[in-house]
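Each residue of the sequence shown is one higher than the one before, counting from -10 in our numbering.
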Amino acid sequence: MWLSPDIESRMIGSRHCIYSHVAGTHPSATEKFAVKLPLIILSCVVMLMLSDEARAQANDGTDPDAPIVAKFHHIRPYEITEGTPIVVGLETGDPGIGGMMIGIVSLNVYDRFGNVAIPKGSKLIGQTIRQVNDRREVQWSGLQLRGTATLQFDPPLEGCMPDGSAGITVSALRQPDSSVAALVTKAFIVPH
């Protein structure tokens, strides 16, 4: 194993804790901690491996033996996080490549604190980029909030169908009021 001998011996001891617990004896507080220690270590290792910041730091030409620093993102009010779907009803849609699209937000979009970040009735503005099989790749580049402001997205939101499948079908683009969606690809804050 690649762990220090001290931690490795605790892990071996933790196996004993599991067996003694199954046998009916009550483990001590130290034994309970020893059982959790491997899970804590594994969680930390996985978190560091999956961190985008860690990968970027590892590939930026710095010392490969330098420690990797994990940075956490604190979610703020009115922030729409990555992966959030925005349900849109098409007002106008041009199925041609480069065609302009306008969609009306069908449902309120909430932040993680329960605030309405994007109210129902706001407009998304986008265009078709290219054809991929029987679908059009759509990018939503702007958001007009009702009576307040217009936001530009950088990078744009990706157009998709309500089920989350990539791209928008040509039949949906030709039919007014068809239900489509936008997928947030990078977190952003809606000013209020």
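Here a beta-carbon is modelled for each residue, glycine too, at the ideal position from N, C-alpha and C.
- Going by C-alpha positions, Pro180 is about 17 Å away from Gly110.
- With fewer than 16 other beta carbons inside 10 angstroms of its own, Val121 counts as exposed.
- When the five nearest sequence neighbours on each side are left out, the beta carbons in the same chain lying within less than 7 Å of the beta carbon of Ala106 are those of Tyr67, Ile69, Val98, Tyr99, Asp100 and Val179, in order along the chain.
- With a minimum length of 3 residues, the unbroken runs of beta strand (DSSP E) contained wholly in the segment 140 to 177 fall at 168 to 172.
- Annotation for Glu80: the continuous beta strand (DSSP E) segment containing it runs Pro74 to Gly82.
- About 15 Å separates the CB atoms of Ser95 and Gly115; that is not less than 8 Å, and the two are not in contact.
- A residue is called buried once 16 or more other Cβ atoms fall within 10 Å of its Cβ, and Phe102, having fewer, is exposed.
- CA-CA distance, Val76 to Ala55, rounds to 44 Å.
- Around the C-beta of Gly72, fewer than 16 other C-beta atoms lie within 10 Å, and the residue is accordingly described as exposed.
- Under the DSSP definition of a beta bridge, Lys112 partners with Ile93 and Gln133.
- Judged by DSSP in its simplified three-state form, Ile69 adopts strand.
- Pairing Pro74 with Leu140 gives a Cβ-Cβ distance that is not under 8 Å.
- When the five nearest sequence neighbours on each side are left out, the beta carbons in the same chain lying within less than 6 Å of the beta carbon of Thr158 are those of Arg124, in order along the chain.
- Gly136 counts as exposed, since fewer than 16 other C-beta atoms from the protein chains shown sit within 10 angstroms of its C-beta.
- DSSP places Ile57 in the coil class of the three-state scheme, outside both helix and strand.
- DSSP places Ile29 within a helical segment (H, G or I) once states are collapsed to three.
- DSSP, read as helix, strand or coil, puts Arg119 in strand.
- Per DSSP, reduced to three states, the secondary structure at Val98 is strand.
- Around the Cβ of Ala170, a 10 Å sphere holds 16 or more other Cβ atoms; the residue is buried.
- Here Val179 is not bridged, per DSSP, to any residue.
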